[in-house]
Amino acid sequence: MNMNLIFRSICVCCLLLLFCNSPAVWAQQLKLTGTVSATNGDLLPGVTIAEKGTSHGTVTGPNGQFQLQVAMDATLVFTYLGFDTREVKISNARNISVVMQRSTRALNEVMVVGYGSKNKSTFAGSAVTLNAEDLNKNSLSVANLLQGRASGVQVTQGNGTPGAPLTIRIRGTNSINADSGPLYVIDGFPTNDGVGFTINPEDIASISILKDAASTSIYGARGANGVVLVTTKNGSNKKNNLSLHSYFGQQKIINRFDLAGPYENATRLNALFLAEGSTPPYSQSTLDSLKAGYIGTDWQSILFRTANVQNHTISFTGGNPNTSVYSSLDYLDQQGVVINSRYRRVGARVNLDQKVGDKFTMSARVFGNYGIQNDLPLAPSTINGFLKQAIKANPASEFGEGENIQLDAQNPLHFIAATKRGNYAYRTNAYFSFRYEPIKGLVIQSDQGADLNSTKIKYFAPASVPAGVSGNGLATVTDINESELIFNPTATYGFNIRDHHLKFLAGYNTQTYYYEEEGITATNFSSDELGYDNLATAQQFSAYSSKTRIRRKSWFGRVDYDYKNKYILTGIYRIDGSSVFGTNNKLGYFPSGSFAWRFSEENFVKNFQALSSGKVRVSYGVTGNDRVRSGLSSANFAADNSSKYTLNGVDQLSGIAITSLSNPNLKWEQTGALDVGLDVGFFKERIILEADYYDKKTTSLLLDRSIAPSTGFQTLFGNDGSVSNKGIELSLQTVNLDGKFRWSSTLTYSHNRNKVLSLGENNSDIYVGSLKPDGAADFETPFIIRKGQAIGSIYGYVYKGIVQENDPALSTQPNATPGEPLYADVDKSGTVDANDRRILGVGIPTSFYGFTNTFSFHNFTLDVVMQAQTGGKLLNLQKEDLMNPISQGNTLKSVVTDTWSASNPSGTIPPNGFYGNPYGGWVNTRFVESSDYIRMKNVTLTYNLPSAWLQHVGIAALSVYANIQNLWTWTKYTGLDPEVGNLVNSQQQNQNAGRGIDFNAYPVNKMYLLGAKVTF
């Protein structure tokens, strides 16, 4: 009996112990379902989910969904390659949506590099990689995606015209006459120009920016200015997904000029006419009506509008174990904030990957795009363009159809409405790859494709606007056709010998580029009704045509070696041949080498537990630049219709004359670059610091050189001169908080010092941009390229104020009268003249900053991107033009009260303005302002709806967001926007050096968007 009691007691105790030590039995269970996605709404398949403290777990399916039996108070741990681990407390929830944040930088992150990919931890060069989760997909273009996100990469918006490209510079400006923009490589294929608005940002999987020569030298002659690698999305061999992404929004101008009102301007004009002895144009009754607001026009309110923007993308991702497909169709419609301006684009893409057996893979990337840009006719006379004339329009005038009788001025609305300008662009890319892996480690690949572009530009100005008056109407139609054919076979072989890892790459590349342009100009129209759509109504015609072919051939190789992933060496050698250069210098040779040491893998460092990664990088390489116009090395001829020759005493014929001499020795510009970098991570990569110092020197600059007059020419295009760019780059990535509320940050800083080292034997100055605003006495060149100074230096006079009565300064301006601008006699010659001009600043900023913050709480994510620039100057010519007291249009409001006169000697505005004076010039320190600014560039609030709300209607994921772009700007610049400022000119020299002038620029806008992305 006692034994039975003892046995029963032992059994009860064992059962009690079992229950007490088994949470799965003791705790109440529930069936949990959910969805895991990235911050941008993309579903994440294969995420590992584990119940903390137990062995229970699962993984997400192809659509990011999961189900798991867990305790009601369980904590789940979510892990996924390349993303930060998340812990989520269930708290009795039956369905959850988990948003995972991409790791600030995973050590095993794979990044795309030239002709392949590399592990980030064993990469010895300098590069920035942005993945789909890092990018705001509501951007209008690829360049917009990069703003404020990458150190050493300057992205500026020269103007806000819909469809206008942004300017990208990587580590400064390397050239004077050659293209200084980066090379774009899309899915492994170099393109002839920037991707601009042609690629839908929604199609992009990642962007890698190669910055140092050791990384870019694999592209040889086209890599001197950095390389932007764009990789588009692939299909999936798992579950099929259909996604729809749409956003709608409005745009508004950021700033406006503080102009005089109708009554103020009419009063000023009456006083101006009286001073000249003329009858005032406005009667007292008209002035009373203007003052009461019964009549008058606010031209800025009419010129600028609230503009709509919309974008829609539908995409499909799917396939089977052997086939994967990604396809998309997109449509963008962006109205401009200036009336009659608009950009529309429709595009389609198909990316296909097909396995054939175990060793062969075929890939195709086919893309098509059609864009229509209706912009204002800013060119060719940009400085006196329509936007400027509209802003200056007299607000007190009553305009008729086309003309204002009162002051013989034109109606600005008629300018814009009657003048037609349209750009119609087609672009098609078709790239095909064949990949064969006969044995392990050996990959033979052949890439080939074509990039086709066709652009038609139409322009018509009727006889009722200034551009068409002299010719009784003016129409131009220009057709441009471009094509580039590419063939690029490569072979890669990699193998390991114990702890030694080796990979060899060898390749050949041939590219042929064709450019054809044809144009016709028609004048003397019998009717304006059809404009450029019926040129037969014109009476006079002229035409031109041109054709260019550039051929390139290249041979290249790369060797990658590392020992224990600790000591890393890379060597590259490339030979390029280009038809652009002279017969004696067709080939260019571009070597590079890099070394990296992962000191965090050393045993003596591993005791420092706070340090999770550490790497030192050193590289040096030589790259080239052949992006200049074709024909520079050859003698050029042109028809001369200005001179006629009489033959047989009757016929008069024009001839063909030589316009430039040949130079068989013309060769490549070459850039040698040293880069030293440090990458360190702390506390399991919660803090990551990347620092770089670079020193680049470009030699054999392509310049016009003086030659003997006996040749019949003054200059010959050749190689002479050099320029340097030195700078530092810093990137700090942190995870500040990591819990239910998560906060991560990325801070970037870059500083570049540009300096011209030599301009040839005589080091003669180069003057850039010959401009003459309305009313100016002479043409002036606002920029100068000078030895010892930076490219893009602003060149002008030192403004000292206004000449007063009995002013001692009259001795240096002896014929000046009180009220005229006073300029400094810098060279102490006794007279103010052109020799007193000085460098007033540099139009290109020296420092750039970016600050990105991401905040996550439950299903909400807030992204804030800020950017800033310092060290640059901007010539505010638009303001100077509006500070003209004798203008018969409108002026700034300050002109009414701050114009100098004998009774107002403290006035700061000359009574005759800053144009037409015998001394000095309109390029002066009064209007050279700082272009420094801090801007909240992009703010996006996203909400991912819980999957429990969606699963019953067949939706896998749905996110909605609100976005504001250019929300807030701090600046001391008094113009419309400090980010604008480029000479609008096709000459490469003006694009490189003519940066830092604000006139007639289409204003940058503020954008408000609402969008949603749904996945089925």
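Mapped onto mature numbering (1 follows the signal peptide of the UniProt record, and there is no 0), the consecutive letters of the sequence shown carry residue numbers -27 to -1, 1 to 989. C-beta: ideal position from N, C-alpha, C; glycine also.
Item, Value
"Would you report the Cα separation of Val901 and Leu475, rounded to the nearest angstrom?", "56 Å"
"Checking the sheet assignment: what are the DSSP bridge partners for Tyr740?", "Ile757"
"Following the continuous beta strand (DSSP E) through Gly530, name the residue where it begins and the one where it ends.", "511 to 536"
"With a threshold of 8 Å, are at least 3 pairs of Cβ atoms found where one atom belongs to the stretch 228 to 236 and the other to the stretch 211 to 218?", "no"
"Can you tell me where the alpha helix (DSSP H) holding Val442 begins and where it ends?", "439 to 442"
"Put Gly969 into one of helix, strand or coil per three-state DSSP.", "coil"
"Could you tell me the alpha carbon to alpha carbon distance between Thr494 and Thr913, rounded to whole angstroms?", "47 Å"
"By a C-beta neighbour count over all protein chains shown, 10 Å radius and 16 as the cutoff for buried, is Gln2 buried or exposed?", "exposed"
"Let me know the alpha helix (DSSP H) ranges lying completely inside the stretch 892 to 953, each 4 residues or longer, listed in chain order.", "920 to 923"
"Considering Cα atoms alone, identify which of Val741, Ile430, Asn482 is closest to Asp506.", "Ile430"
"If you follow the beta strand (DSSP E) that Trp570 is part of, which residue opens it and which one closes it?", "560 to 570"
"How close, in whole Å, do the beta carbons of Ile345 and Tyr397 come, if the pair is a contact with beta carbons under 8 Å?", "6 Å"
"Would Gly199 and Ile143 qualify as a contact pair, given that the criterion is a beta-carbon distance under 8 Å?", "yes"
"Does DSSP put Pro976 in a helix, in a strand, or in coil?", "coil"
"Looking at Leu639 and Leu605, is the spacing between their C-beta atoms short of 8 Å?", "yes"
"So what does DSSP say about Gly845, is it helix, strand or coil?", "coil"
"How big is the Cα-Cα spacing for Leu651 and Leu710?", "25 Å"
"What are the boundary residues of the beta strand (DSSP E) that Phe460 is part of?", "447 to 470"
"Within 8 Å (strictly less), CB to CB, does Phe833 reach chain D?", "Reference to chain D is not applicable here, since this structure consists of a single protein chain."
"Taking just the CA atoms, how far does Phe655 sit from Ile545?", "32 Å"
"Taking 8 Å as the cut-off, decide whether the C-beta atoms of Tyr772 and Gly894 are in contact.", "no"
"Restricting to Cα atoms, I'd like to know which of Gln643, Thr392, Val115, Arg600 is closest to Thr171.", "Val115"
"Evaluate contact between the stretch 187 to 201 and the stretch 318 to 329, counting only Cβ atoms and requiring at least three cross-stretch pairs below 8 Å.", "no"
"State buried or exposed for Arg471, treating a residue as buried only when at least 16 other CB atoms are found within 10 Å of its CB.", "exposed"
"Distance check for Val203 and Gly823, CA to CA, integer angstroms please.", "21 Å"
"Buried or exposed: which applies to Glu249, given that a residue is buried once 16 or more other Cβ atoms fall within 10 Å of its Cβ?", "exposed"
"Hey, quick one: how far does the alpha helix (DSSP H) through Glu853 stretch, first residue to last?", "850 to 855"
"Could you tell me whether the stretch 565 to 572 touches the stretch 531 to 548, where touching means 3 or more Cβ pairs closer than 8 Å?", "yes"
"Would you call the stretch 251 to 266 and the stretch 143 to 160 touching, i.e. three or more CB-CB distances under 8 Å?", "no"
"Assign Lys986 to one of three DSSP states: helix, strand, or coil.", "strand"
"Is the CB-CB distance between Gly414 and Gly467 below 8 Å?", "yes"
"Give the range of the beta strand (DSSP E) segment to which Trp716 is assigned.", "714 to 731"
"Kindly indicate the opening and closing residues of the beta strand (DSSP E) around Arg241.", "Taken as a continuous stretch (DSSP letters only), Arg241 belongs to no beta strand (DSSP E), being part of the alpha helix (DSSP H) at 235 to 248."
"Cβ of Ser607 within 8 Å of Cβ of Ser586?", "no"
"Grouping DSSP H, G and I as helix and E and B as strand, with all else coil, what is residue 994?", "This structure leaves residue 994 out entirely; the chain is present only between -27 and 989."
"With DSSP run on the structure shown, which of helix, strand or coil describes residue 994?", "Residue 994 is absent from the model: the chain starts at -27 and stops at 989."
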